[in-house]
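A.B. asks: First to last, the sequence lines map onto chains A and B. Take the first sequence: its position 27, counting from 1, is numbered 94 in our numbering, and each next residue is one higher. Take the second sequence: its position 140, counting from 1, is numbered 189 in our numbering, and each next residue is one higher. One structure coming up, written as C-alpha cells, with questions to follow.
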Amino acid sequence: MQKTSLEIGGMGHAIKRKEDPRFLQGKGNYVDDVHLPGMVYGHMVRSPYAHARLKSINTAEALKLPGVLAVITGEDLAKAGLAWMPTLFHDKQMVLATGKVLFQSQEVAFVVAEDRYVAADAAELVEVEYEELPVLVDPHKARDPGAPILREDREEKSNHIFHWEVGDRAASDKVFSESAVTARVDAVFQRCHPAPLETCGCVADFNRATSRLNIYLTSQAPHAHRTLFAIVGGIPEQNIRVVSPDIGGGFGNKVPIYPGYVCAVVASLTLGVPVKWIETRSENLQSTGFARDYHMTAELAADKDGKLRAMRVNTLADHGAFNAAAQPTKFPAGLFSICTGSYDFAEAFCEVDGVYTNKAPGGIAYRCSFRVTEAAYLIERAVDVLAADLKMDPVEIRRKNFIPPSHFPYKSPLGWTYDSGDYDKAMTKALEMIGYDDLRKEQAEKRAKGELMGIGISSFTEIVGAGPGHTFDIAGIKMFDSCEIRVHPTGKAIARMGTKSQGQGHETTYAQIVAQELGIPAADVLIEEGDTDTAPYGLGTYASRSTPTSGAATAIAARKIRDKAKKIAAHLLEVSEDDLEWEPGKFFVKGAPSKSKTIQDIAFAAYTNLPEGMEAGLEAVNYYDPPNLTFPFGTYISVVDIDKGTGAVKVRRFVAVDDCGNIINPMIVEGQVHGGLTEGLAIAFMQNIGYDENGNIEGGTFMDYLVPTAVETPSWETATTCTPSPHHPFGAKGVGESPNVGSPAAFVNSVVDALSHLGVRHIDMPITPWKVWKILQEKGVTA
Amino acid sequence: MAKTELVSIKVNGRERQAPAEPRLLLVHFIRDVLQLTGTHIGCDTSNCGACTVLLDGKPIKSCTMFAVQADGAEILTIEGVASKDGKLHPLQEGFKEEHGLQCGYCTPGMILSSYALLKENPHPTEEQIRWGISGNLCRCTGYKNIVKAVQYAASKNGQGA
Numbered sequence: 068m069q070k071t072s073l074e075i076g077g078m079g080h081a082i083k084r085k086e087d088p089r090f091l092q093g094k095g096n097y098v099d100d101v102h103l104p105g106m107v108y109g110h111m112v113r114s115p116y117a118h119a120r121l122k123s124i125n126t127a128e129a130l131k132l133p134g135v136l137a138v139i140t141g142e143d144l145a146k147a148g149l150a151w152m153p154t155l156f157h158d159k160q161m162v163l164a165t166g167k168v169l170f171q172s173q174e175v176a177f178v179v180a181e182d183r184y185v186a187a188d189a190a191e192l193v194e195v196e197y198e199e200l201p202v203l204v205d206p207h208k209a210r211d212p213g214a215p216i217l218r219e220d221r222e223e224k225s226n227h228i229f230h231w232e233v234g235d236r237a238a239s240d241k242v243f244s245e246s247a248v249t250a251r252v253d254a255v256f257q258r259c260h261p262a263p264l265e266t267c268g269c270v271a272d273f274n275r276a277t278s279r280l281n282i283y284l285t286s287q288a289p290h291a292h293r294t295l296f297a298i299v300g301g302i303p304e305q306n307i308r309v310v311s312p313d314i315g316g317g318f319g320n321k322v323p324i325y326p327g328y329v330c331a332v333v334a335s336l337t338l339g340v341p342v343k344w345i346e347t348r349s350e351n352l353q354s355t356g357f358a359r360d361y362h363m364t365a366e367l368a369a370d371k372d373g374k375l376r377a378m379r380v381n382t383l384a385d386h387g388a389f390n391a392a393a394q395p396t397k398f399p400a401g402l403f404s405i406c407t408g409s410y411d412f413a414e415a416f417c418e419v420d421g422v423y424t425n426k427a428p429g430g431i432a433y434r435c436s437f438r439v440t441e442a443a444y445l446i447e448r449a450v451d452v453l454a455a456d457l458k459m460d461p462v463e464i465r466r467k468n469f470i471p472p473s474h475f476p477y478k479s480p481l482g483w484t485y486d487s488g489d490y491d492k493a494m495t496k497a498l499e500m501i502g503y504d505d506l507r508k509e510q511a512e513k514r515a516k517g518e519l520m521g522i523g524i525s526s527f528t529e530i531v532g533a534g535p536g537h538t539f540d541i542a543g544i545k546m547f548d549s550c551e552i553r554v555h556p557t558g559k560a561i562a563r564m565g566t567k568s569q570g571q572g573h574e575t576t577y578a579q580i581v582a583q584e585l586g587i588p589a590a591d592v593l594i595e596e597g598d599t600d601t602a603p604y605g606l607g608t609y610a611s612r613s614t615p616t617s618g619a620a621t622a623i624a625a626r627k628i629r630d631k632a633k634k635i636a637a638h639l640l641e642v643s644e645d646d647l648e649w650e651p652g653k654f655f656v657k658g659a660p661s662k663s664k665t666i667q668d669i670a671f672a673a674y675t676n677l678p679e680g681m682e683a684g685l686e687a688v689n690y691y692d693p694p695n696l697t698f699p700f701g702t703y704i705s706v707v708d709i710d711k712g713t714g715a716v717k718v719r720r721f722v723a724v725d726d727c728g729n730i731i732n733p734m735i736v737e738g739q740v741h742g743g744l745t746e747g748l749a750i751a752f753m754q755n756i757g758y759d760e761n762g763n764i765e766g767g768t769f770m771d772y773l774v775p776t777a778v779e780t781p782s783w784e785t786a787t788t789c790t791p792s793p794h795h796p797f798g799a800k801g802v803g804e805s806p807n808v809g810s811p812a813a814f815v816n817s818v819v820d821a822l823s824h825l826g827v828r829h830i831d832m833p834i835t836p837w838k839v840w841k842i843l844q845e846k847g848v849t850a
Numbered sequence: 050m051a052k053t054e055l056v057s058i059k060v061n062g063r064e065r066q067a068p069a070e071p072r073l074l075l076v077h078f079i080r081d082v083l084q085l086t087g088t089h090i091g092c093d094t095s096n097c098g099a100c101t102v103l104l105d106g107k108p109i110k111s112c113t114m115f116a117v118q119a120d121g122a123e124i125l126t127i128e129g130v131a132s133k134d135g136k137l138h139p140l141q142e143g144f145k146e147e148h149g150l151q152c153g154y155c156t157p158g159m160i161l162s163s164y165a166l167l168k169e170n171p172h173p174t175e176e177q178i179r180w181g182i183s184g185n186l187c188r189c190t191g192y193k194n195i196v197k198a199v200q201y202a203a204s205k206n207g208q209g210a
C-alpha cells in the first residue's frame with residue numbers, strides 16, 4: 068500500500084477526529100436533543116412483578132390529569148395487531164402486556180402527555196391489578212417437571228427454546244476416552260448490560276398531510292429498522308425515514324427494536340404530532356437487551372505434555388422472557404462455536420440449550436460478535452485450568468497448542484475458516500512488554516512471604532465482520548454493507564454508508580479510506596451515516612463489522628471512481644490509459660512525471676470536459692458482501708495484587724497486544740482498545756444483573772450496576788502486531804470489540820493465578836472483594 | 050401542572066429568565082427551557098455526571114438540583130466554555146489532541162469537572178486528575194486519554210490560557 072502524505076491523511080495516519088469539534092462544544096445532536104414543534108412525551112407504565120396475571124388496567128384517573136393526551140394499553144395495540152412484535156431471533160415479544168407479565172419492569176401501558184413531568188405523573192395514576200404467579204428465576208430449573216410454563220402463546224408447552232449443536236460428538240468422545248489427561252471448568256458468564264451512557268429513545272413524527280413517518284432513533288442499524296417498521300407496522304417503506312443522529316454509545320444495546328419505539332410510533336400515528344420517548348437509566352438496565360447469561364461447561368482432552376486433542380462444551384443459555392437475541396438467523400448461539408479459540412484441536416463438539424425465565428428479554432451481543440465473548444472467555448479459562456492441573460506455565464501450554472502461522476487459512480473442527488494469524492508473535496510481544504519472567508520471579512518471592520500476586524494471560528481469537536451474505540442475515544436480510552461516494556466538481560467529496568457510528572470515529576476513518584484510495588485529503592471528505600433517505604442500504608454497526616464490510620465497500624467504490632478518473636486523465640493528457648501511473652492524488656505519464664492531472668483536475672473535468680460518450684459525474688456505490696469473516700486476535704496480560712485483609716483486587720498493570728491487520732487510524736484503534744478493556748474490567752470485577760427468588764432485579768440502577776470510574780481503572784498499556792487479512796480489500800480486520808472479548812479471561816486468570824497455590828481453579832465473575840475474602844477465609848488465609 | 054415561579058439564572062454570561070414549576074430539575078431547565086442541549090442526562094441516580102455544569106464556579110450535577118434552587122446563580126455550561134470568538138478552551142483542544150472522547154456523550158460533563166479541577170489546582174498529578182473526574186462516568190475511552198487531555202490543558206496553564 069502506498070503511504071499517503073499527512074496532508075492527504077490516508078491509511079495509517081493518526082489524524083485527529085473530524086467529529087470532535089461539535090461534541091467538544093455541546094453541539095452534538097443526540098435523540099433527546101431533537102425538539103420538534105408540538106412535540107409531546109411518552110412515559111412507560113411498568114410491571115412491579117416478574118410473573119403475574121393482568122386482571123385489569125384502569126386508565127380513567129390518568130386520563131383526567133390535565134395535559135394527558137392518551138394512555139395506550141396492550142388491548143389497544145391488539146386491536147391494531149401490534150400487541151406483539153417479532154424479535155430479531157425467531158421469537159416474538161410483547162410490546163405492551165396482554166394476559167400476563169413475564170418480567171419485572173415489563174412494559175404495561177404507555178402514557179402520552181404534553182409535558183414529560185405530566186406523563187410521569189399520569190403513569191402513576193394508571194391502576195393495574197395483578198395476580199401473582201409462581202416465578203422462574205433459575206435457568207437450571209426451567210425444564211423441571213414442576214416448573215411454571217411461562218409462554219402460554221407458544222404451541223410447545225415448555226420453557227425450552229432451542230437445542231443447537233455443532234461438531235462431531237462421537238469423534239470427540241472417542242478422543243476423550245483415549246486421552247491421558249482431561250480438564251474441566253464450569254463457568255458462568257453472568258448477565259451484563261452494555262449500558263451506553265446515552266439510554267435508548269426516539270422521536271416519532273408522523274405527518275398526516277404527507278403520510279411520512281420520520282423516526283429519530285437510537286439505532287445501530289437504521290436501514291434494517293426502517294424495513295422492520297415497514298413490515299411489522301404495514302407502513303409503506305418509502306414513507307418511513309429513520310434518522311439515527313449522534314449516538315451516545317451503543318455496544319449492542321441499540322440493535323434491537325424496543326417496545327418504547329413502537330409505542331411512540333403508534334402514538335404519533337394516532338395523535339398526528341411528534342412523540343418523544345426517552346428511557347431512564349433504570350429502565351435501560353431493567354428492560355432493554357441484556358447480554359451473556361451463559362452457564363457453560365468446557366472439557367479439554369490432552370496428552371500428558373499438555374498437547375490439546377479435543378474439546379467438549381455444554382451450555383445453558385438464559386434468554387429471559389423472550390428470545391430477543393439480535394443475531395444471524397442460522398445461529399441460535401451466535402458465533403459461540405469459535406470456542407476452540409487460538410488452538411489446534413483435532414476434534415470438538417459444542418451444544419447449547421436456550422431457556423425462558425422470568426427476566427428481561429435479550430441475549431444481545433454486548434461489544435461482541437454474537438457470543439464470541441463467552442467463547443473466548445471459556446477457552447482461555449479452560450486452558451488455564453488444564454495448565455494448572457498439569458503444573459505447566461500458561462505461556463508454555465499456549466505456545467504448545469497455538470495454530471501455527473503456516474496453517475492459515477485454518478479450518479477449525481467446528482467449521483470456521485480462520486483467515487490469518489500469528490498468535491505467538493502477539494504473545495511474545497506482550498510477554499516482553501510486561502516483563503513476564505521477572506514477574507514470575509517476583510510472584511515466587513511474594514508467595515514465600517505469604518503475599519498474593521497473580522499474572523493472567525488471554526490469547527484470544529475473534530470472528531468478526533459478518534457476512535458473507537450466503538451464511539449470515541439479520542431477519543432475512545443478508546449481511547452485506549455499503550458505501551456511496553460522490554466527488555464534487557471542486558474535487559471535494561461526500562460519502563455515505565449503511566453503517567452507523569456510535570463513537571467509533573467513522574467520520575474520520577472512512578474519510579481516511581477515501582483519502583488513501585483517491586488521494587483526496589481526508590479533510591475534504593464529508594462522511595454521513597444514519598439517514599435512511601440518503602445513505603445506501605446496509606445492516607449497521609455492531610459485531611465489529613464496519614471496517615470489514617462498509618470499510619471494504621468504501622475502498623471498492625473509490626477504486627471504481629479511480630478507474631473512471633483514469634479514463635478522464637488519459638483524455639486530458641491525450642495519452643493512452645496504459646501510459647498512466649497512479650500515486651495517491653494524481654495520475655502521471657510514465658517516464659514523464661511532470662505531465663500529470665490531480666484528482667481535483669479530473670473531478671472538475673468530470674463535470675466540464677469529458678471524453679466523448681462518457682457519462683458525466685464522478686460517483687460510485689458498492690454493496691460489499693465479504694467472502695469470509697475476519698479473525699482478529701491478540702494477547703492480553705493482567706497483573707493483580709490481592710489484599711488479604713479485604714479481598715480487594717488491584718490491577719497493577721495490564722498489557723494489550725492486538726492484531727487487527729492493517730490499521731486505518733492508530734489513535735482510534737488505541738482508543739477503542741482502552742474503552743473495551745475498561746468494559747472488560749467492569750464485567751470481571753463489578754457488574755451483574757442479578758435477580759432475587761421473586762424475580763426482583765438486583766443491579767437495575769447505576770447505584771448497583773457499577774461502572775468503573777477513572778480511579779478504579781488502570782492506565783492501559785497497548786501495542787499491536789500486524790497480520791493482514793488476505794481477503795479484505797485493504798487487509799484490515801475489525802478491532803472495536805477485541806478488548807471486551809479478550810480481557811475478562813485475562814482478569815480472571817490473574818486472580819485465579821494469585822490463588823492457584825491454594826487449590827483455586829476458577830472463580831465466577833464478577834470477582835468482588837466479598838467473594839475473594841470468603842475464599843481466603845475458607846483457605847485459612849488471613850491478613 | 051403545578052404553579053410556576055420565575056427563575057433568573059445567568060447562563061454563560063447571559064441573563065436568562067423563564068417560569069419553572071418548583072420540581073423542574075435544573076438539567077431540564079437548561080436543556081428543555083433554555084434549549085442548551087450540550088448538557089446531557091445519563092442516569093437517574095446522580096452517578097454518571099453527564100449533566101455536570103458549574104454553578105457559581107463549582108461543579109454540580111444539574112439532575113440533582115431544582116431549577117428554582119439555582120435562582121440568582123451563575124451557571125457555565127459546555128456551550129460557554131470556548132471563548133466568544135470561537136477559540137477552543139485548552140481543555141477542548143486537549144480532548145481533541147489526546148483523543149479524550151469517542152461518542153461525546155460524557156464529554157461536556159467531563160470538561161466542566163476538569164475545568165473546575167484546573168481552576169482549583171492548575172497542575173494536578175495524574176492521581177489528582179483521576180479523583181477530580183471520578184464523579185463522571187465514561188463508557189468509551191477508559192479514561193487514560195481523558196487524563197492526558199487534562200494534562201494537556203494543565204501544560205497550557207501559565208502560558209496565558
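Don't be surprised by glycine CBs; every beta carbon is placed ideally from N, CA and C.
Only counting the same chain, and skipping five residues up and downstream in sequence, which positions put a Cβ closer than 7 angstroms to that of GLU644(A)?
C.D. replies: Same-chain partners within the cutoff: LYS633, LYS634, ALA637.
A.B. asks: Does any C-beta atom of chain A lie closer than 8 angstroms to the C-beta of ARG179(B)?
C.D. replies: For ARG179(B), the answer is yes, since a Cβ of chain A falls inside 8 angstroms of its Cβ.
A.B. asks: Who are the near neighbours of LYS846(A) in its chain, counting only those whose CB is closer than 8 angstroms to its CB and skipping five residues on each side?
C.D. replies: Closer than 8 angstroms at Cβ, skipping near neighbours: LEU822, LEU825, GLY826, VAL827.
A.B. asks: Should ALA751(A) and ILE552(A) be called a contact, given that it needs their Cβ atoms to be closer than 8 angstroms?
C.D. replies: Contact flag unset, no.
A.B. asks: For the structure I just gave you, are there three or more beta carbon pairs, one from the segment 414 to 427 of chain A and one from the segment 379 to 396 of chain A, closer than 8 angstroms?
C.D. replies: Yes, the segment 414 to 427 of chain A touches the segment 379 to 396 of chain A.
A.B. asks: Quick test of the definition: if touching needs 3 or more C-beta pairs under 8 angstroms, does the segment 555 to 575 of chain A touch the segment 597 to 610 of chain A?
C.D. replies: Yes: the two stretches touch, three or more of their Cβ pairs being nearer than 8 angstroms.
A.B. asks: Within 10 angstroms of its Cβ, does CYS189(B) collect 16 or more other Cβ (buried), or is it exposed?
C.D. replies: Burial call: buried.
A.B. asks: Any beta carbon of chain A sitting closer than 8 angstroms to that of ASN170(B)?
C.D. replies: No, because no Cβ of chain A sits closer than 8 angstroms to the Cβ of ASN170(B).
A.B. asks: For GLU245(A), which residues in chain B fall below 7 angstroms Cβ to Cβ?
C.D. replies: Neighbours of GLU245(A) on chain B: none; closest Cβ ~46 angstroms, over 7 angstroms.
A.B. asks: Would the beta-carbon of VAL162(A) fall within 8 angstroms of that of PRO326(A)?
C.D. replies: Their beta carbons are under 8 angstroms apart, which means VAL162(A) touches PRO326(A) by this criterion.
A.B. asks: Just confirm the distance between the C-beta atoms of VAL863(A) and LEU457(A), as a whole number of angstroms; I'd bet it's less than 8 angstroms.
C.D. replies: For chain A, the structure presents residues 68 to 850; residue 863(A) sits outside this window and is missing.
A.B. asks: Please determine, among TYR490(A), ALA799(A), LEU280(A), ALA673(A), the residue with the shortest C-alpha to C-alpha distance to LYS559(A).
C.D. replies: For LYS559(A), the nearest C-alpha among the options comes from ALA673(A).
A.B. asks: On the three-state DSSP scale, how would you describe PRO108(B)?
C.D. replies: PRO108(B) falls in the strand class under three-state DSSP.
A.B. asks: Measuring alpha carbon to alpha carbon, tell me which residue in THR697(A), THR557(A), ALA291(A) is nearest GLN667(A).
C.D. replies: Answer by Cα proximity: THR557(A).
A.B. asks: Give me the Cα-Cα distance between ILE314(A) and VAL329(A), rounded to the nearest whole angstrom.
C.D. replies: Roughly 19 angstroms between the two C-alpha positions.
A.B. asks: Quick one, are the C-beta atoms of ILE405(A) and ALA442(A) less than 8 angstroms apart?
C.D. replies: Yes.
A.B. asks: Give me the subset of the segment 785 to 816 of chain A whose CB atoms are less than 8 angstroms from a CB atom of chain B, sorted by chain position.
C.D. replies: Answer set for the segment 785 to 816 of chain A: empty.
A.B. asks: Measuring alpha carbon to alpha carbon, tell me which of LYS321(A), ASN763(A), PRO796(A), LEU352(A) ends up nearest ALA432(A).
C.D. replies: Measuring from the Cα of ALA432(A), the nearest candidate turns out to be LYS321(A).
A.B. asks: Should the segment 143 to 153 of chain A be called in touch with the segment 78 to 88 of chain A, which here means at least 3 C-beta pairs below 8 angstroms?
C.D. replies: The segment 143 to 153 of chain A, when compared against the segment 78 to 88 of chain A, does not touch it at the 8 angstroms Cβ threshold.
A.B. asks: What residues from the segment 80 to 98 of chain B come within 8 angstroms of chain A, judged by C-beta to C-beta, listed N to C?
C.D. replies: Hits within the stretch, in order: ARG80, ASP81, GLN84, LEU85, THR86, GLY87, THR88, HIS89, ILE90, GLY91, CYS92, ASP93, THR94, ASN96, CYS97.
A.B. asks: Between ALA190(A), VAL204(A), LEU217(A), ALA180(A), which lies nearest to GLY166(A) when the distance is taken from Cα to Cα?
C.D. replies: It is LEU217(A) whose Cα lies nearest to the Cα of GLY166(A).
A.B. asks: Measuring only the C-alpha atoms, how far is GLY532(A) from THR616(A)?
C.D. replies: Those two C-alpha atoms are separated by around 6 angstroms.
A.B. asks: Check whether the segment 302 to 309 of chain A and the segment 593 to 602 of chain A are in contact - that is, three or more C-beta pairs closer than 8 angstroms.
C.D. replies: Segments in contact, yes.
A.B. asks: Between GLU529(A) and PHE721(A), is the Cβ-Cβ spacing less than 8 angstroms?
C.D. replies: Taking 8 angstroms as the Cβ cut-off, GLU529(A) and PHE721(A) do not qualify as a contacting pair.
A.B. asks: Establish whether the CB of HIS102(A) and some CB of chain B are separated by less than 8 angstroms.
C.D. replies: HIS102(A) counts as touching chain B.
A.B. asks: For GLU196(A) and ASN125(A), I'd like the C-alpha separation in whole angstroms.
C.D. replies: Computed Cα separation, rounded: 9 angstroms.
A.B. asks: By the 10 Å Cβ neighbour count, where 16 or more other Cβ atoms means buried, how is GLY209(B) classified, buried or exposed?
C.D. replies: Note on GLY209(B): pLDDT 43, under 50, position unreliable in the model; no value is reported.
A.B. asks: Can a CB atom of chain A be found closer than 8 angstroms to the CB of ALA203(B)?
C.D. replies: No, its Cβ sits nowhere closer than 8 angstroms to a Cβ of chain A.
A.B. asks: Is there a Cβ of chain B sitting closer than 8 angstroms to that of GLU596(A), yes or no?
C.D. replies: False, the Cβ-Cβ gap to chain B never drops below 8 angstroms.
A.B. asks: Give, in chain order, every residue of the segment 134 to 152 of chain B whose Cβ lies closer than 7 angstroms to some Cβ of chain A.
C.D. replies: Flagged, chain order: LEU137, GLN141, PHE144, LYS145, GLU146, HIS148, LEU150, GLN151, CYS152.
A.B. asks: Just curious, the alpha helix (DSSP H) that GLN583(A) is in, first and last residue?
C.D. replies: First-last of the alpha helix (DSSP H) with GLN583(A): 573 to 585.
A.B. asks: ILE735(A) to ALA69(B), Cα distance in whole Å?
C.D. replies: Going from the Cα of ILE735(A) to the Cα of ALA69(B) covers about 43 angstroms.
A.B. asks: For CYS100(B), which three-state DSSP category applies?
C.D. replies: Note: CYS100(B) maps to coil in three-state DSSP.
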